[in-house]
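Protein chains in written order, with our numbering: chain E, 2 to 453; chain A, 2 to 453.
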């Protein structure tokens, strides 16, 4: 019988029979798609082992709901069995009261561990590391290491890499499991070490882990303190998830809203509203200066309404060029390809880009005015001057947009602010205001004594 | 002596001595930072084994340059030793003539393999899989499997997962290396299989691999054909790189340019220009319709210049709301959180969001006009009507922006076009044109008989 039918007929025994033949992935999939009461029921019928495994695969939102509804005995088991890194992820953003309650459910040992992991800064490598790893000593034989893995490997996050430490816990090497399989069984560990290893610091930004994993083709990396003591390991599956999350946040910010904590369809409406409205209001207030700026040129507009007609075209071109620059630089900085100290190299590129792109758009704009006025005479006798104004304004605005769009993310980074804040809409807004000034000043110079 | 000094004094023996004590990563790091002639020199002094390893870690740009300059004997060795997946990545975008030349350098066996891998569609899972994996049979003992790994594991991309196949090559299970270590040595493979495995199809989009890896915490997944025959495996390090690349492309597109093939600082200027100019011109041409749209309302503008003052504010608000919606939806679709068939659910959210956000901005806009006119009288006797126009126009434009921004990516996807094309600047451009119409129509209705 299907899970849904069993649920409908409230057949707990049936559910128990069926679900316990499933793998943890499958159970997690089934549970994630149900309403909270059904989730609780389904989770309650699982064997303790399957429950613990399944819990790790559930989305954080479901994990939190389940923990809240489970009897505290069961919640304690689950929390104590969670891998330390997953537990950190779960605990780190809980309200204080809930956090305290859960911490109390942990065994003294696990509690000390979790508290120490949560002691590392938010978004640091320390917060994503696990302490379930396998170590060995230099003077062990390969055979001893393999026996050790057989004895203690069950609880380890991975046995694909084994860590060689000295008596003080200082990391001496990390060795792939395959090296142990390939080496003669009576060799000592010392005979297969190279002493060549790459390590992370727990205080570094989690992004640094992404960069290192991408560069060095590893599936796990050790985390050591300043004395070289092995504190934990970071595994590639967590890096993959982090990378996806960061990319999402970046894209959302570039699109001009705050990053959502949850998937779009699952984020509560009020949350969505808050995160979008804040930026939208900020942008709106910024954009209000366009009205102020245009106020200064009211006389010019009423004398030459034709100027107003081209206004959106001119200022949006600056905003578009600026959006391009800012997103290229934001991403390049996130990937570590461009650093703040490269600013002059970037500037040179963008100055040249801005001038070229401005020239291209300027020519198209000029041609458009020339063509229309040949056909319709809509721009009057001074069409050539209007065309020149458009031409020059486009060069100026696109140049300024490119320059500003690339400079702002670097300035933000320098000031310790997330450069992704320099979103396409923010750049467009700032360039709009300055674009109006550039446009009307050029118009005032070119059209003086003719239209103005 | 440092590499730089050795290079300067052209001390080939010295370079050979120093570099061959380095790891492949370190050599790759040194080479990547040098000019092409030095790269060739440095690469030439490496031992064949180190050269092959180092080559895999070099950026594609450097790989291509080196291959071109190396004597064909050496190029052949490198190409034949490359892992099949890395070789596919290198060969797939080469000009035809170069491709033919390199294919000829491959041994018959490797050539057949590469041609078959390149036979899968671009950006498919088939193009990213490797054929270097370890298989075993159901009736082998654990001891036999471990011996087999020792004998053949050296050339395998990973030994962390072993694949159980039948005599026809059909995949029966994938088993982690730790299961083999934990099981008694005289057990048969059949005794530790579960038959539970997740597999990929070579024709599926590479993005599907990202989704599955993220969901199932695996470090390697098998790729099978429609008959269940094991064709290859995909490893998580390649998925990590792909994910980073895709995120970059997505962010660049959202920012309104084409995706760059290379890092920002390394992309040739002409390439950068082309990729940016194409979109900028397209957006410019789209934005030209703002001038056309405004042409229809020229009379209104000359009668009430005050309308022009608020124009950038109104239309940009629509664009900003639209950018938010489109980027949220684009990302949610890329992650598989929102599918095209969910369009009505998304619409409902966005209709409500658009109305709420429009109302918020409308109120701020109204207040601003009211305040300024109380202080300065700049908006004349009919300030209340102007304020009402602004209020209503903001609701209309923001509502329309949100709706359109969320709908367009889904329509594009439905039409088989990459939804990321619905960039912030594109949405802004389209919403600008329609925003002008919405604004002036509302103004015409509200201000009729008063200002107009």
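Positions of the beta carbon are idealized from the N, C-alpha and C atoms, including for glycine.
Problem set entry | Member of 35/E, 135/E, 428/E and 249/E whose CA lies at the smallest distance from the CA of residue 324/E | When the alpha-carbon of residue 324/E is set against those of 35/E, 135/E, 428/E and 249/E, the nearest one is in 428/E.
For this session: Quick one: measure Cβ to Cβ for residue 6/A and residue 19/A, integer angstroms, because I've assumed they're closer than 8 angstroms.
Result: 10 angstroms between Cβ atoms; not a contact.
Problem set entry | Proximity test, Cβ basis, 9 angstroms: residue 209/A and chain E | Residue 209/A does not count as touching chain E.
Problem set entry | Pick from 38/A, 25/A and 204/A that is closest to residue 129/A, judged by C-alpha positions | The residue from 38/A, 25/A and 204/A with its alpha-carbon nearest to that of residue 129/A is 204/A.
Exercise. Does any CB atom of chain E fall closer than 9 angstroms to the CB of residue 262/A?
Worked result: By this cut-off, residue 262/A is not an interface position.
For this session: Output the residue ranges of the alpha helix (DSSP H) runs that lie fully inside the region 94 to 134 of chain E and measure 4 residues or longer, sorted by chain position.
Result: Fully enclosed alpha helix (DSSP H) runs of 4 or longer: 97 to 106 and 109 to 119.
Problem set entry | Element boundaries [beta strand (DSSP E), containing residue 231/E] | Per DSSP, the continuous beta strand (DSSP E) segment holding residue 231/E begins and ends at 231 to 236.
Exercise. So is residue 165/E in contact with chain A if we call contact Cβ pairs under 9 angstroms?
Worked result: Not closer than 9 angstroms to any Cβ of chain A, the Cβ of residue 165/E fails to qualify, so no.
Problem set entry | Near-chain E residues of the region 268 to 297 of chain A - C-beta to any C-beta below 8 angstroms | Answer set for the region 268 to 297 of chain A: 270, 273, 274, 277, 278, 280, 281, 282, 284, 285, 286, 288, 289, 291, 292, 295 and 296.
For this session: Check whether the Cβ atoms of residue 321/E and residue 430/A lie closer than 9 angstroms to each other.
Result: For the 9 angstroms CB-CB criterion, residue 321/E and residue 430/A form a contact.
Exercise. For the 8 angstroms Cβ check, are there 3 or more pairs between the region 151 to 163 of chain A and the region 175 to 182 of chain E?
Worked result: Touching, per the Cβ criterion.
Exercise. Are any of the Cβ atoms in chain A nearer than 9 angstroms to that of residue 327/E?
Worked result: The beta carbon of residue 327/E falls within 9 angstroms of a beta carbon belonging to chain A, placing the residue at that interface.
Problem set entry | DSSP-derived helix/strand/coil call for residue 7/E | Helix, per DSSP.
Exercise. Quick one: complete alpha helix (DSSP H) runs, 4+ long, within the region 31 to 100 of chain A?
Worked result: Fully enclosed alpha helix (DSSP H) runs of 4 or longer: 37 to 45, 49 to 58, 61 to 70, 73 to 82 and 85 to 92.
For this session: Output yes if chain A places a C-beta closer than 9 angstroms to the C-beta of residue 253/E; else output no.
Result: Closer than 9 angstroms: yes.
Exercise. Quick one: is residue 63/E buried, meaning 16 or more other Cβ sit within 10 Å of its Cβ, or exposed?
Worked result: Burial call: buried.
Exercise. CB-CB under 8 angstroms to residue 414/A, same chain, minus the five flanking residues each way: which ones, in chain order?
Worked result: Only 334, 341 and 420 meet the Cβ criterion.
Problem set entry | Contact set between residue 10/E and chain A, taken where Cβ atoms lie within less than 8 angstroms | Annotation: residue 10/E has no Cβ neighbours in chain A at a cutoff of 8 angstroms; minimum Cβ distance is about 27 angstroms.
Problem set entry | Proximity of residue 197/E and residue 24/A at Cβ, strictly below 9 angstroms | Yes, these two residues count as a Cβ contact at 9 angstroms.
For this session: Name, please, each residue of chain E whose Cβ falls closer than 9 angstroms to the Cβ of residue 155/A.
Result: Result: 179 and 183.
Exercise. At a CB-CB cut-off below 7 angstroms, which residues of chain A make contact with residue 218/E?
Worked result: Neighbours of residue 218/E on chain A, chain order: 238.
Exercise. Are the beta-carbon atoms of residue 404/E and residue 351/E separated by less than 9 angstroms?
Worked result: In contact: residue 404/E and residue 351/E (Cβ atoms closer than 9 angstroms).
For this session: Might you give, ordered along the chain, the residues of its own chain that have their beta carbon closer than 7 angstroms to the beta carbon of residue 58/E, omitting 5 neighbours on each side?
Result: For residue 58/E, the CB contacts under 7 angstroms within the same chain, skipping 5 residues up- and downstream, are 25, 26 and 29 in chain order.
For this session: Assess, as a yes-or-no matter, whether the region 180 to 195 of chain E is touched by the region 131 to 151 of chain E under the definition of 3 or more beta carbon pairs within less than 8 angstroms.
Result: Under the Cβ criterion (8 angstroms, minimum of three pairs), the region 131 to 151 of chain E counts as touching the region 180 to 195 of chain E.
Exercise. Should the region 442 to 452 of chain A be regarded as contacting the region 389 to 398 of chain A, the criterion being three or more beta carbon pairs within less than 8 angstroms?
Worked result: Cβ pair count under 8 angstroms is three or more, so yes.
For this session: Return yes when the Cβ of residue 53/E is within less than 9 angstroms of the Cβ of residue 125/E, no when it is not.
Result: Not a contact, by the Cβ cut-off of 9 angstroms.
Exercise. Any chance the region 265 to 273 of chain E sits against the region 251 to 267 of chain A, with 3 or more Cβ pairs inside 8 angstroms?
Worked result: Under the 8 angstroms Cβ criterion, the region 265 to 273 of chain E does not count as touching the region 251 to 267 of chain A, having fewer than three qualifying pairs.
Exercise. How is residue 260/A classed by DSSP in three states: helix, strand or coil?
Worked result: Residue 260/A: coil per DSSP, three-state reduction.
For this session: Would you check whether the ligand MG has a heavy atom nearer than 8 angstroms to the C-beta of residue 97/A?
Result: This structure does not include the ligand MG; it has no bound ligands of any sort.
Exercise. Which term fits residue 215/A, buried or exposed, when burial requires 16 or more other beta carbons within 10 angstroms of its beta carbon?
Worked result: The residue is buried, with at least 16 neighbouring Cβ atoms inside 10 Å.
Exercise. What is the DSSP secondary structure of residue 175/A, reduced to helix, strand or coil?
Worked result: DSSP, reduced to helix, strand and coil, places residue 175/A within a strand of the structure shown.
For this session: Could you tell me if residue 118/E is buried or exposed, where buried requires 16 or more neighbouring beta carbons within 10 angstroms of its beta carbon?
Result: A buried status is given to residue 118/E, since no fewer than 16 other beta-carbon atoms sit within 10 Å of its beta-carbon.
Problem set entry | Straight-line gap, residue 100/E to residue 332/E (C-alpha atoms, nearest Å) | Cα-Cα distance, rounded: 35 angstroms.
Exercise. Buried or exposed: where does residue 435/E fall if 16 or more other Cβ atoms within 10 Å of its Cβ makes it buried?
Worked result: Buried, by the Cβ-count rule.
Exercise. Using 9 angstroms as the limit for Cβ to Cβ distance, is residue 52/E near chain A?
Worked result: When Cβ-Cβ separations below 9 angstroms define contact, residue 52/E makes no contact with chain A.
Exercise. Any idea which residues DSSP pairs residue 357/E with across the strands?
Worked result: DSSP output for residue 357/E lists no bridge partner at all.
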